[in-house]
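Okay, structure first, notes after.
Number of protein chains: 2
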Amino acid sequence: MALKERSKLRIDILGQEYVLKGTDSPEYLKKVGNFVSDKMDQVYKNNPIYGPTKIAVLVSLQIADEYQKLKDDYEKIVEELRVLDKIHKIG
Amino acid sequence: MALKERSKLRIDILGQEYVLKGTDSPEYLKKVGNFVSDKMDQVYKNNPIYGPTKIAVLVSLQIADEYQKLKDDYEKIVEELRVLDKIHKIG
Chain A
-14 MALKERSKLR IDILGQEYVL KGTDSPEYLK KVGNFVSDKM DQVYKNNPIY
36 GPTKIAVLVS LQIADEYQKL KDDYEKIVEE LRVLDKIHKI G
Chain B
-14 MALKERSKLR IDILGQEYVL KGTDSPEYLK KVGNFVSDKM DQVYKNNPIY
36 GPTKIAVLVS LQIADEYQKL KDDYEKIVEE LRVLDKIHKI G
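What follows is the structure in structure tokens.
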């Protein structure tokens, strides 16, 4: 079997070009790249005096917050499923 | 009722101080801040020639990737739960 094709995407973030590579689909890379790029633009629009490093750090913190909140929700659901599965086995 | 207390946390990221504020607990802010700070240190360690903006953008992309993958998993679980609930109602 041939090695899995690597996707590659060039994306502009805060005026600099970044190359995303991965075994994920090109659509996935585009989704992730645009998600980050849009957030950078948004933070810059709201704080035009901030430098690019500060903007990128604030975006990292923002995404980390969304990630952590989703992770907490995810873990709650997995725990509920575990309980449901137990009840199912007992009942 | 008094307004909900806002938490505040000072954190060092890439040699700069950032102040995180929110209605989340101080422990939560610390978790998110350390998560980002650790990733910055890791990327810097692996790429010491990169400037701080590039490091912060790469970390944003990394966290966005983790977030997107978790989101896809989360949506799958929610969909499974919906199907299970339907089966339950029919059966």
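Protein sequence lines, in the order shown, are assigned to chains A and B. Residue -14 is where the first sequence starts when you use this note's numbering, and the numbers rise one by one after that. Residue -14 is where the second sequence starts when you use this note's numbering, and the numbers rise one by one after that. Where is the CB? At the ideal position from N, CA and C, for every residue including glycine. Model, not experiment: these values are computed from the prediction.
- Here DSSP, grouped into helix, strand and coil, assigns Tyr35 of chain B to coil.
- DSSP places Leu(-6) of chain B inside the beta strand (DSSP E), whose first and last residues are Ser(-8) to Ile(-2).
- Burial is judged here by how many other beta carbons sit within 10 angstroms of a residue's own beta carbon; Val4 of chain B has fewer than 16 and is exposed.
- Between Val21 of chain B and Ile40 of chain B, the CB-CB gap reaches or exceeds 8 Å.
- Against chain A, the beta carbon of Lys(-7) of chain B has no neighbour under 8 Å; the closest one sits roughly 14 Å away.
- In this structure the segment 66 to 75 of chain B does not touch the segment 31 to 40 of chain A; the number of beta carbon pairs closer than 8 Å is below three.
- With its beta carbon less than 8 Å from one in chain A, Glu51 of chain B belongs to the interface.
- Rounded to whole angstroms, the Cβ separation of Val44 of chain B and Val28 of chain B is 6 Å, and the two are in contact under 8 Å.
- In this structure, A:Lys54 is the residue among A:Leu(-6), A:Lys54 and A:Thr8 with its C-alpha nearest to the C-alpha of Tyr13 of chain B.
- For Ser10 of chain B, the closest Cβ of chain A is not nearer than 8 Å.
- Taking a C-beta cut-off of 7 Å against chain B, the contacting residues of the segment 32 to 51 of chain A are Pro37, Thr38, Ala41, Val42, Val44, Ser45, Leu46, Ile48, Ala49, Asp50 and Glu51, listed in chain order.
- Under a criterion of Cβ atoms nearer than 9 Å, no residue of chain A is adjacent to Ile72 of chain B; the nearest Cβ is some 12 Å distant.
- 8 Å or more divides the Cβ of Glu60 of chain B from the Cβ of Tyr52 of chain A.
- Look at Val28 of chain A: its C-beta is not under 8 Å from any C-beta on chain B.
- At a cut-off of 8 Å between C-beta atoms, Val4 of chain A does not count as an interface residue with respect to chain B.
- Residue pairing by DSSP places Lys6 of chain B opposite B:Lys(-7) in a beta bridge.
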